[in-house]
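S.K.: Dropping a structure here in structure tokens format, bear with me for questions.
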Amino acid sequence: MDICPKCGLPKEACICKELAKTKQKIKIKTTKRRFGKIVTMVLGIESDTKEIAKKLKAELACGGTVKNNIIELQGNHVKSVKQKLIELGFDEENIE
Ligand SMILES: [Zn+2]
112 MDICPKCGLP KEACICKELA KTKQKIKIKT TKRRFGKIVT MVLGIESDTK
162 EIAKKLKAEL ACGGTVKNNI IELQGNHVKS VKQKLIELGF DEENIE
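Now the structure itself:
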């Protein structure tokens, strides 16, 4: 059985990840790239960044990349990204 090193509970019972999610301060912003292209940046997600990026890309049907835990999505998706992150268990109050 896998035990979580943080709380000592079996992995299935562990809520560390969920707790961590609600504590992470997340920032969503847009920035302009070359040729005036808008990208949406999601900063502050500390774990499962690639997994979350994959979900966001599928949901929003857009391209994107992950670099140094920063998710970049093509286009302006600030509102829908926020909505989606809340659905994924992040705390709305911590999303800027
Ligand atoms: Zn745990």
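Using the numbering used here, read the sequence shown as starting at 112 and increasing by one per residue.
C-beta: ideal position from N, C-alpha, C; glycine also.
(1) Could you pull out every unbroken beta strand (DSSP E) segment of at least 3 residues lying fully inside the segment 120-146, listed in chain order?
(2) Let me make sure I understand the geometry here. Which of C115, E157, K190 has the alpha-carbon closest to that of I182?
(3) Which of the three DSSP states, helix, strand or coil, is assigned to K117?
(4) In the DSSP assignment, what residue or residues form a beta bridge with V153?
(5) What does the Cβ neighbour count give for L120, buried or exposed, with the cut at 16 atoms within 10 Å?
(6) Looking only at DSSP bridge pairs, what is G175 linked to?
M.R.: The structure says:
(1) 138-143
(2) As a position in the sequence shown, residue 182 is number 71, starting the count at 1. Checked all of C115, E157, K190; the closest Cα to I182 is E157.
(3) Sequence index remark: in the sequence shown, residue 117 carries index 6 (1-based). Looking at K117 - three-state DSSP - the assignment turns out to be coil, as it is neither helix nor strand.
(4) Your numbering for residue 153 matches position 42 in the sequence shown. Paired residue(s): I139, I182.
(5) Taking the sequence shown and counting its residues from 1, the one referred to as residue 120 is at position 9. So L120 ends up on the exposed side.
(6) Translated into the one-based positions of the sequence shown, residue 175 becomes position 64. Paired residue(s): L184.
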